[in-house]
């Protein structure tokens with residue numbers, strides 16, 4: 009294909025012609041100082057007007073909105089008034105307040121100003137209170153949950169009963185009246201209920217507090233087992249703790265086992 013003479017030069021020279029025209033325009037402006045000053049002044053006026061307009065818009069529209077947002081944020085974080093005006097929040101708060109008052113009354117009825125003891129069978133711990141103040145806590149032993157069954161179908165599960173109890177009696181230097189399972193467990197014949205063989209001294213420690221149904225809080229000769237679930241249902245304590253409990257609790261004092 010035949011090329012048109014001078015076409016390549018014309019296309020490449022177009023940007024150069026545009027630049028040269030722009031440069032000549034700048035040169036004329038610089039030569040005409042008055043026109044140059046007018047141009048600079050016009051640009052300055054336009055930028056000043058734009059700046060003033062932006063400041064006006066900020067003061068008139070954006071400023072109040074920022075203040076409202078800041079005030080609302082402060083209300084939520086500091087005073088909490090916005091939450092308090094919510095009806096659902098007020099209703100829930102009222103219900104919770106009533107529940108707390110009800111539980112507080114119930115707790116007060118359970119824990120009077122007198123002394124009482126709380127026994128935790130899960131961790132084998134006891135907590136002794138007097139005038140609603142904790143005065144002593146320590147390790148104890150509770151039921152093993154082992155099961156004993158005879159060929160005749162008799163069975164026992166050695167667990168400490170849970171619930172609310174009271175001290176039925178207090179004894180010093182107690183002797184143990186052995187039940188049937190104590191002989192069966194040892195593989196011995198079961199004697200009559202009034203047999204002297206039923207009585208065994210020196211195994212309950214120096215003190216015993218009766219809870220009813222043959223359950224007691226008493227001492228032990230197996231002190232190394234304290235803190236473990238090894239008893240046949242009674243609560244065992246060491247000598248020092250047992251003496252404090254014995255002298256603090258009275259007939260009728262509450263015992264809470266859980």
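In my numbering, the protein residues as written are 9 to 266. Ideal Cβ placement from N, Cα and C applies to all residues, glycine included.
Contact check, residue i vs residue j under 8 Å by CB: the rounded distance?
i, j, result
"residue 163", "residue 155", "6 Å"
"residue 225", "residue 243", "5 Å"
"residue 241", "residue 227", "16 Å between Cβ atoms; not a contact."
Less than 7 Å between C-beta atoms, sequence neighbours within five positions excluded: which residues of the same chain meet that for residue i?
i, result
"residue 178", "217, 254, 259"
"residue 85", "Residue placement at residue 85 is flagged as unreliable, the pLDDT there being 45, under the threshold of 50; the coordinate-derived value follows with that caveat. Nothing listed; no residue qualifies."
"residue 122", "261"
"residue 205", "199"
"residue 50", "none"
"residue 82", "Confidence at residue 82 is low in this model, with a pLDDT of 48, below 50, so its placement is unreliable and no value can be given for it."
Near residue i, what residues of its chain come up, given a Cβ to Cβ distance below 6 Å and the 5 sequence neighbours on each side ignored?
i, result
"residue 60", "none"
"residue 176", "218, 220"
"residue 257", "123, 175"
Given residue i, which residues of its chain have a CB within under 8 Å of its CB, disregarding the five upstream and five downstream residues?
i, result
"residue 207", "183, 184, 185, 186"
"residue 158", "192"
"residue 251", "214, 215"
"residue 235", "132, 147, 148, 149"
Does the Cβ of residue i have 16 or more other Cβ atoms within 10 Å, making it buried, or fewer, making it exposed?
i, result
"residue 181", "exposed"
"residue 263", "buried"
"residue 31", "exposed"
"residue 202", "exposed"
"residue 132", "buried"
"residue 137", "buried"
"residue 107", "exposed"
"residue 168", "buried"
"residue 129", "buried"
Using only alpha-carbon positions, find the residue among the options that is nearest to residue i.
i, options, result
"residue 172", "265, 58, 57", "265"
"residue 166", "222, 103, 127, 145", "222"
"residue 239", "211, 106, 249, 199", "211"
"residue 143", "124, 232, 160, 152", "124"
"residue 246", "110, 100, 146, 140", "146"
"residue 140", "153, 126, 194, 188", "126"
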